[in-house]
Each structure stands twice: as structure tokens, then as C-alpha cells.
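A.B. asks: Keeping their order, the protein sequence lines are chains A and B.
Quick note on this note's numbering: the first sequence kicks off at 119 and runs consecutively.
Quick note on this note's numbering: the second sequence kicks off at 2 and runs consecutively.
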Amino acid sequence: MKYLTTIGAVKLEFEVNPDTRPFGIELLKSSVKMDCRQLSPNSFSLLIDGKSYFLTITENDGGYAVTVNQKTVDVFVQDETGILLNKYGLSDSSSDTLGKIFVPIPGLIAKLFVSPGDIIEKDQKLFILEAMKMENEFTSPVAGTLSSIFVKTGDTVNKGTLIMEITI
Amino acid sequence: MIHKILITNRGEIAVRIIRTCRELGIKSVAVFSDVDRTAPHVLKADEAYNIGPAPSTDSYLNVQRILEVMQISEADAVHPGYGFLSENADFAETVIRAGLKWIGPPPEVIRLMGDKMAARNLAVSVQAPVVPGTTEPISHIGEALERANEIGFPVLVKAAGGGGGKGMRIVTHADELEAAVNRARSEAAKAFSDDRIYIEKYLEEPHHIEIQVFADTHGRVVSLGERECSIQRRYQKIIEETPSPFIDSQLRKKLSETAVEITRACRYTGAGTVEFLVDKYKNYYFLEMNTRLQVEHPVTEMVIGFDLVKEQLRVVEGKRLSFPDKPLHPRGHAIECRLYAENGFKNFAPSVGKILELDFPQGPGVRLDEGVRAGQEITPYYDPLLGKLITWGRNRTEALERMLRSLQEFHIVGIETSIPYCLLIIGHESFRAGKYCTKTLEEISGSLEKQGEQLSENAAIAAGVGAIRRDIISTPAPAAKTPDQNQCSPWSLQGRRNGLR
Numbered sequence: 119m120k121y122l123t124t125i126g127a128v129k130l131e132f133e134v135n136p137d138t139r140p141f142g143i144e145l146l147k148s149s150v151k152m153d154c155r156q157l158s159p160n161s162f163s164l165l166i167d168g169k170s171y172f173l174t175i176t177e178n179d180g181g182y183a184v185t186v187n188q189k190t191v192d193v194f195v196q197d198e199t200g201i202l203l204n205k206y207g208l209s210d211s212s213s214d215t216l217g218k219i220f221v222p223i224p225g226l227i228a229k230l231f232v233s234p235g236d237i238i239e240k241d242q243k244l245f246i247l248e249a250m251k252m253e254n255e256f257t258s259p260v261a262g263t264l265s266s267i268f269v270k271t272g273d274t275v276n277k278g279t280l281i282m283e284i285t286i
Numbered sequence: 002m003i004h005k006i007l008i009t010n011r012g013e014i015a016v017r018i019i020r021t022c023r024e025l026g027i028k029s030v031a032v033f034s035d036v037d038r039t040a041p042h043v044l045k046a047d048e049a050y051n052i053g054p055a056p057s058t059d060s061y062l063n064v065q066r067i068l069e070v071m072q073i074s075e076a077d078a079v080h081p082g083y084g085f086l087s088e089n090a091d092f093a094e095t096v097i098r099a100g101l102k103w104i105g106p107p108p109e110v111i112r113l114m115g116d117k118m119a120a121r122n123l124a125v126s127v128q129a130p131v132v133p134g135t136t137e138p139i140s141h142i143g144e145a146l147e148r149a150n151e152i153g154f155p156v157l158v159k160a161a162g163g164g165g166g167k168g169m170r171i172v173t174h175a176d177e178l179e180a181a182v183n184r185a186r187s188e189a190a191k192a193f194s195d196d197r198i199y200i201e202k203y204l205e206e207p208h209h210i211e212i213q214v215f216a217d218t219h220g221r222v223v224s225l226g227e228r229e230c231s232i233q234r235r236y237q238k239i240i241e242e243t244p245s246p247f248i249d250s251q252l253r254k255k256l257s258e259t260a261v262e263i264t265r266a267c268r269y270t271g272a273g274t275v276e277f278l279v280d281k282y283k284n285y286y287f288l289e290m291n292t293r294l295q296v297e298h299p300v301t302e303m304v305i306g307f308d309l310v311k312e313q314l315r316v317v318e319g320k321r322l323s324f325p326d327k328p329l330h331p332r333g334h335a336i337e338c339r340l341y342a343e344n345g346f347k348n349f350a351p352s353v354g355k356i357l358e359l360d361f362p363q364g365p366g367v368r369l370d371e372g373v374r375a376g377q378e379i380t381p382y383y384d385p386l387l388g389k390l391i392t393w394g395r396n397r398t399e400a401l402e403r404m405l406r407s408l409q410e411f412h413i414v415g416i417e418t419s420i421p422y423c424l425l426i427i428g429h430e431s432f433r434a435g436k437y438c439t440k441t442l443e444e445i446s447g448s449l450e451k452q453g454e455q456l457s458e459n460a461a462i463a464a465g466v467g468a469i470r471r472d473i474i475s476t477p478a479p480a481a482k483t484p485d486q487n488q489c490s491p492w493s494l495q496g497r498r499n500g501l502r
């Protein structure tokens, strides 16, 4: 069975042999030898042509956060069905979550710099979240128009709260 | 003689103090908030008492509850660590009035040096250079503007009771001054219930260098050398080292002498730190004195070979300091990385959650002062410092290589940490060359962020394979398959259960 992994702009195709799974994973159009072993719920050892990698893998927004050599990347995995769905434009597009601004930590909305209808530039200051006794400034990851704000100054918000939405 | 010490702190510093108590056969008493019942300091201490709900104002700053624990536990001394009540003169007085020994300088010295203006005046009285700036808190924005123009932009807006970057703002243009003053004021009012604001000169390529001082009750005051603390984010230190690669022996001597004079002038006892700013022309200015043990004290311990907590206890017991009479020469080089629960690549956003897996680095020249354990929940209530990694080497290169090696050995799952960021800083040419100032991190952060995203081709393949493997494990196997064909061992089944929790 074919699998496609996406790390940023890098896409790699793998062939997974169902009879020997989960060990039989091969990179398509390549002859590298791989040996992948699970060490604990979240850590794996991988030998690629003898080179040793220690991986930490946790689930993350429909994909996996993979740490290798102390670098963490988001990896999205699609199997054959997923690849086909994607080809015919049937899969969920992830772009509609891009303009949604969530907070990664609980805290207090100390200040809002923008209001609905504002044209937002990438890296523009959006709001200040007070958490761990620090004022954390949040900037926009995208450019667009601010369509709505779901909080007001002084609100206490939980981890994962949707703060505002930017239409790209 | 001290028999039992109450430690009014948490995290790595509480654990570090407990370790010294153990070595000396002194009983340790921990205090904990509701969310810290199973934190390492509680598990490691001989006794532990709950002092209230999670917010620190209800627990670690709750003097009433702490007083009760002093009585219940029959402790004969209090070690405040750093932060929380460590520089609270009223608390020190309360401890002394309750008949216990306070492991720190006398309350009046804490009060004096904790007031930035009083400390500055004291420094001036012993001819120590100070940064040009306002000597009275500014009362209104018009005055702020006038004084800032006299000093010359850029200026630094800072709070009287401030520290660790809270309530501090750099202002480069006059039109930004009002907003900066207001924000510093509001942050300061909230953080330390004191909204007095000062303005001072902002220095060129400044280095943050501090001198560890120690004074006993027999009139002896010593300098234990400097710590270079210029790698900072939001004015908070991340990496410290000693000796400083920036200063020469002549400047080292001047800084040490100035620090000792200030320490003597304020009638200090115990461990203290005199902080200086040194600009690129090697002009140095007294900044402030921290009247407590510093977070970064281990780098000094590594190169002088003395346990500073033991020396603190000697001073409190009225003994003489055990440092030799001749000037102390550091042996080798030590570097410390602070490990925070935060993502250096996402504007240092704090990370909370449960630590699912945890492996610490080991091996030659490595010291870890940790305050967390596997299975622990990192909450948003306290400082996000998880611990400190300190490496020692015969020279700077060896200490640096050991730091790179041991940072790579860390394995933490469940929360984001500053480890990847520290690795890139330590590996960066400016750090390797020892050519950096307090502005360097800000200047190189863009290039660090880019590096943080780059994976080698093989590493990308590895990440892909791992993610597929993990995806297969977490996706239920097709019904037709028997467990045998899936090669599911009892171990991997258990692993899957653990993964699902």
C-alpha cells in the first residue's frame, strides 16, 4: 500500500508491505534499507542504511509532530485512499484553518490591537495574552481581512480557544 | 546548628536545596500548592505540607500558611530560593520574629538593595559607575519626555520593583514613550504592586555581567568571579557562562573590587550577586544587586568547586566562609542552559501539558538541576523553568561541545521546550566565537528560526517513516487480520493502550 508524507513542501512516497507491516516500509524509487522499532508510546528507533535516528512522535492537528535531531516538524500522512481523495479534490482542505487564531495556552486577553473589518498584514500584532505573568504578543500568521473576533479585553480564555478569524 | 530547613519554593531550586540538606544530614521541609502535590520537590523532601490553591498568591506567597508550616514542622531555618518570597524583606522579618533563621541577608539589606534608587545611591556613594538616568520616579509623561531627551534616545523605561524583564521597555523615538510608560506601569502594578517608573540610558552592545559575592558575619567579603549572562530573551537569561569570553583580567578585577565594595557598604551577609552592564567600550555600570541565590549559581560552583548553599548555611550559623584566603581562580569553564517549557521558534510561547516521557543527559562534565519528572503536569501558574543543564570542561571549547552533546541527549515528550532553541544558539558562530552581547539573540533569532525548520534529506525520510509507522499503529488494523499477522506483541499492545490513555 502506498503512503504519502508531507513535511512543509517536501512530499515523499513510501510503499508499505501489508504482510510484514509495520516493519516493511520502503521509500519508492529507492533501495534504502529501513528498520523501524517502537521504543515507547511516543518514541521510535529507525535505522536507514545503518544510520541511526531517534524519533519522538506525537499526534498533532490531524498529523504528527515528529522530533528528529531535536528538530520538530509537522508530518501529514495519507494512505492510498487519502491520496486518491486528494487527487479528485474531495479531501478536507486545511487552508480554511489557516486564518483561525487559537491560543496555545490559557490566559487573559490583555489587549486587542485589531477590530473586525481590518486589513491584516502578515506578522501584524493582533492581541496580547497574559499568561505565566508575561504579556505574550500574538501576531498574524497570514495576510487577509479580519472577519470576526470571539473575545473581548479582560476575557480569560482556555488553551485552544478560537480568538479571531482572518479571511485570506 | 541548623537541623531542619523549610524551603519556601518549588521546582528545580527547591530540589537543589534539598540535595544539599541531604548531604549535610539536615531535614528538609517542602511546601506545595494543590497542583504540586506530586512535584519532585515534594517527593524528595523529608516532609511536605500543602499551603493552598494553585495561584502563587494563594500558596507560595501565602505568608500566613507558611507561618503555620514553620510551627507544625518545627523547622529552625527558612531558605526562600529565588523568586517568590526570596527578596521580600517583610517576610524575612516575619521569619526572624518567629524565631527561625533566615537564609539570606538581613531584611534591612533586602529592603535597601531591592529599592533600585536606594541601591543606585549606595553604589554612587562608593564611587561605582551607574547608568545615566532619572533618580526619582517619573510622575507624568511630560517629565518623562523631558528627561528622556536629556539622557538621549534610545532610553530604557523600567519599573522600580522590576526584574526579569517584567515592566521594561526600550524606546527609540519620543513618540513611542507614552505607550511604553503606560504599558510598563500596568505590567509593574500587576506583577509587583508598585507602578513607579524610571528612565535610563540604553547602552551600545551591552553585556550583562554579574559578580557572585559572599559575605560572612566576621567581616569577610569575597568575589567568586563573574558570570556572563548576555544571552537573553525578553530580558530573561537563557544561557550563562563563566569565565566571560568578553572580559579581560583587568576588567574582571575592577568588577570584582566594585562588587565587593558595594557588598561591604550595604552590610551584606550571605550569597549575593552584583549585576553590571558593560558596553562595547568596556565601560561598566552598576545595575542592581540581587539579594538571594541566583538561578545561574551552578556555573560558579562548577569552576570554583564549592557548594554555595553550604556556604549560605555556614554564614547563617555564624561560621567563617570556607573559601581559601588567596584569590579564587576558576578551574576550567562552565556553561548553563535554562530549560524552559516554551517554544523559542514561536515567540517563546509557554507550553503546558503532561510530560509523557523524559530522559536526561548523562556523562562526563554534565550536571542537571531539574525540577520535573515524567508524568508531571506543567501548569500555567508558575515560571516555566523546568531545570538547568550545566556542563563543565577544561576550557570553553570542551564545555561547549559537552553542552551540544548533552542537549541532544534530552528526550522530552508532551511539552515543548527551549532545548532545540538552545542547541542552535550554542551552535551559532557568534556564541562559538564568544562574541555576543544582550542584543545578539534578537539579531540572530531570524536565522535560528530558519535553521529550526530545516531537516536533512535523511532526517526527512526518517520523520516520514516514523509518522507512517505511528499512523499504522494508531489506526485500527483491518478486521481480516489476526493479531499474529500484525506482529502485535503484548508490548506493542500495551504501548498502544498507553498511547491512547
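No residue lacks a Cβ here, since even glycine has one placed at the ideal position from N, Cα and C.
In whole angstroms, what separates the C-alpha of B:D35 from that of B:P54?
C.D. replies: If I take the Cα positions, the gap works out to 5 Å.
A.B. asks: B:A460 CB to nearest chain A CB: under 8 Å?
C.D. replies: Answer yes: the Cβ-Cβ gap between B:A460 and chain A drops below 8 Å somewhere.
A.B. asks: Return the bridge partner residues of B:P351 from the DSSP annotation.
C.D. replies: According to DSSP, B:P351 bridges with B:E343.
A.B. asks: In angstroms with no decimal places, state the Cα-to-Cα distance between B:I263 and B:A272.
C.D. replies: Roughly 13 Å separates the two Cα atoms.
A.B. asks: Please name the residue, chosen from B:T259, B:R268, B:K283 and B:Y282, that lies closest to B:V275 on a Cα-to-Cα basis.
C.D. replies: Nearest of B:T259, B:R268, B:K283 and B:Y282 to B:V275, Cα basis: B:T259.
A.B. asks: Give the residues of chain A in contact with B:A463, contact being defined as C-beta atoms less than 7 Å apart.
C.D. replies: Those are L164, I166, Y171, L173 and V186, listed as they occur along chain A.
A.B. asks: Beta-carbon within less than 6 Å of B:E48's beta-carbon, same chain only, minus the 5 sequence neighbours each way: which residues are those?
C.D. replies: Once the five neighbours on either side are set aside, the close Cβ partners of B:E48 are V30 and S74.
A.B. asks: Go to B:Q311, then tell me how far its alpha helix (DSSP H) extends in each direction, as first and last residue.
C.D. replies: Here residue 311 of chain B turns out to be Lys, not Gln, going by the sequence shown. L309 to V317 is the extent of the alpha helix (DSSP H) around B:K311.
A.B. asks: Anyone know if the C-beta pair for A:V191 and A:I143 falls short of 8 Å?
C.D. replies: Going by C-beta atoms, A:V191 is not nearer than 8 Å to A:I143.
A.B. asks: Given that B:Q409 touches chain A, what residues does it touch there, using C-beta distances under 9 Å?
C.D. replies: Here the neighbours are N187 and Q188.
A.B. asks: Which residues of chain B have a Cβ atom closer than 8 Å to the Cβ of A:E255, listed in chain order?
C.D. replies: Near A:E255 (Cβ distances below 8 Å), the residues of chain B are N348.
A.B. asks: At a CB-CB cut-off below 9 Å, which residues of chain A make contact with B:V414?
C.D. replies: Near B:V414 (Cβ distances below 9 Å), the residues of chain A are S158, P159, N160, S161, T174, I175, T176 and T185.
A.B. asks: Between the C-alpha atoms of B:A335 and B:K238, what's the straight-line distance to the nearest angstrom?
C.D. replies: One C-alpha to the other measures close to 15 Å.
A.B. asks: In chain B, what lies closer than 7 Å to A:M282 by C-beta?
C.D. replies: Per Cβ cutoff of 7 Å: no residues; A:M282 is ~17 Å from chain B at best.
A.B. asks: Starting from B:L357, find everything on chain A with Cβ-Cβ shorter than 9 Å and list it in chain order.
C.D. replies: The contacting residues are S158, P159, N160 and T176.
A.B. asks: Just grab the DSSP bridge partners of A:D197 for me.
C.D. replies: Beta-bridge pairing links A:D197 to A:Y121.
A.B. asks: Does any residue of chain A have a CB that is nearer than 8 Å to the CB of B:E177?
C.D. replies: Answer no: the Cβ-Cβ gap between B:E177 and chain A never drops below 8 Å.
A.B. asks: Nearest to B:L288 by alpha carbon, out of B:A161, B:S457 and B:G465?
C.D. replies: Ranking B:A161, B:S457 and B:G465 by Cα distance to B:L288 puts B:A161 first.
A.B. asks: Could you pull the start and end residues of the alpha helix (DSSP H) that B:C423 belongs to?
C.D. replies: I420 to G428 is the extent of the alpha helix (DSSP H) around B:C423.
A.B. asks: Short of 6 Å in beta carbon distance, which residues of its chain neighbour B:F193, apart from the five on each side in sequence? Order them along the chain.
C.D. replies: The answer, listed in chain order, is G162.
A.B. asks: Find the residues of chain B that neighbour A:P224, judging by a C-beta separation of less than 8 Å, and give them in chain order.
C.D. replies: Under the 8 Å cutoff, chain B gives V353 and P381.
A.B. asks: With DSSP run on the structure shown, which of helix, strand or coil describes B:M404?
C.D. replies: The answer is helix: DSSP assigns B:M404 an H, G or I state.
A.B. asks: Can you tell me the Cα-Cα spacing of B:N503 and B:I111, whole angstroms?
C.D. replies: Since the displayed chain B opens at 2 and closes at 502, residue 503 of chain B lies outside it and no answer follows.
A.B. asks: Quick one: grab the DSSP three-state call for B:L294.
C.D. replies: Correct three-state label for B:L294: coil.
A.B. asks: Would you mind working out which of B:L405, B:D249, B:R470 and B:K440 sits nearest A:N187, comparing C-alpha positions?
C.D. replies: Here the closest residue by C-alpha is B:L405.
A.B. asks: Keeping to the same chain, check which residues put their C-beta closer than 8 Å to that of A:T271; ignore five residues upstream and five downstream.
C.D. replies: The answer, listed in chain order, is I227, A228, K229 and L230.
A.B. asks: Would B:G467 pass as an interface residue toward chain A - the criterion being a Cβ-Cβ separation below 8 Å?
C.D. replies: So yes, B:G467 belongs to the interface.
A.B. asks: For the region 291 to 307 of chain B against the region 342 to 356 of chain B, do three or more pairs of beta-carbon atoms, one drawn from each stretch, fall closer than 8 Å, so that the two count as touching?
C.D. replies: No contact exists between the region 291 to 307 of chain B and the region 342 to 356 of chain B.
A.B. asks: Mark B:T136 as exposed unless 16 or more other C-beta atoms lie within 10 angstroms of its C-beta, in which case mark it buried.
C.D. replies: The residue is exposed, with fewer than 16 neighbouring Cβ atoms inside 10 Å.
A.B. asks: Can you name the start and end residues of the alpha helix (DSSP H) that B:R228 belongs to?
C.D. replies: B:R228 -> not in any alpha helix (DSSP H); beta strand (DSSP E) instead, spanning V222 to R234.
A.B. asks: From B:I473 to B:V367, what does the alpha carbon distance come to, in whole angstroms?
C.D. replies: Whole-angstrom Cα-Cα distance: 38 Å.
A.B. asks: Just the Cα atoms here: how many angstroms apart are B:L359 and A:K169?
C.D. replies: Going by the C-alpha atoms only, they are around 24 Å apart.
A.B. asks: Can you check whether the CB of B:R186 is closer than 8 Å to the CB of B:F1?
C.D. replies: No answer is possible for residue 1 of chain B: it lies beyond the span of chain B, which begins at 2 and ends at 502.
A.B. asks: Restricting to Cα atoms, I'd like to know which of B:I413, B:A78 and B:N459 is closest to A:A159.
C.D. replies: The amino acid at residue 159 of chain A is misidentified as Ala; the sequence shows Pro. Comparing Cα-Cα distances from A:P159 to each of B:I413, B:A78 and B:N459, the minimum goes to B:I413.
A.B. asks: Leaving out five residues on either side along the sequence, give the residues of the same chain with a beta carbon under 6 Å from the beta carbon of B:G19.
C.D. replies: Going by the sequence as given, residue 19 of chain B is Ile instead of Gly. Closer than 6 Å at the Cβ level, and outside the excluded window around B:I19, lie S29, K45 and A46.
A.B. asks: Count the other CB atoms, across all protein chains shown, that sit within 10 Å of the CB of A:V150; report buried if there are 16 or more and exposed otherwise.
C.D. replies: Answer is exposed; the Cβ neighbour count stays below 16.
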